[in-house]
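Chemist: Numbering (this note's numbering), first residue to last: 952 to 1019.
Note that beta-carbon positions come from the ideal geometry of N, C-alpha and C, so glycine has one too.
As the structure is a computational prediction, the values presented were derived from the model and not from experiment.
1. Quick one: using the 10 Å Cβ neighbour count with 16 as the cut-off for buried, is residue 965 buried or exposed?
2. Mind checking residue 967: buried by the 16 CB within 10 Å criterion, or exposed?
3. Would you tell me roughly how many angstroms separate the C-alpha atoms of residue 972 and residue 954, rounded to the nearest one?
4. Alpha carbon to alpha carbon, how far is residue 969 from residue 991?
5. If we ignore side chains and look at the alpha-carbon of each, how far apart do residue 984 and residue 1006 end up?
6. Just confirm the distance between the C-beta atoms of residue 996 and residue 1015, as a whole number of angstroms; I'd bet it's less than 8 Å.
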């Protein structure tokens, strides 16, 4: 769940990736307002990705690819 107190981090991020949620989730709404790419409902992003990982996000296709 994306909590409102994460908004300062969301502002700094190049994209948003979440494990759960839908098109009306807080993360999706924040991403639209901030014009940032967003992939929601991955189910396992927090298990696969670690702090500092570099990823490529294609929000149109709904894909996240780990680069480093």
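Modeler: Answer, in terms of the structure:
1. Here residue 965 is taken as the residue at index 14 of the chain shown, counted from 1. Exposed, since its Cβ has fewer than 16 Cβ neighbours within 10 Å.
2. Here residue 967 refers to the residue found at position 16 of the chain shown. Its Cβ being crowded by 16 or more others within 10 Å, residue 967 is buried.
3. Sequence index remark: in the chain shown, residue 972 carries index 21 (1-based). Sequence index remark: in the chain shown, residue 954 carries index 3 (1-based). Cα-Cα distance, rounded: 12 Å.
4. Start at 1 with the first residue of the chain shown, and residue 969 comes out as number 18. Start at 1 with the first residue of the chain shown, and residue 991 comes out as number 40. Distance between the alpha carbons of residue 969 and residue 991 is about 5 Å.
5. Sequence index remark: in the chain shown, residue 984 carries index 33 (1-based). Sequence index remark: in the chain shown, residue 1006 carries index 55 (1-based). Those two C-alpha atoms are separated by around 22 Å.
6. As a first step, residue 996 must be located in the chain shown, where it is residue number 45. As a first step, residue 1015 must be located in the chain shown, where it is residue number 64. Confirmed, Cβ separation roughly 7 Å.
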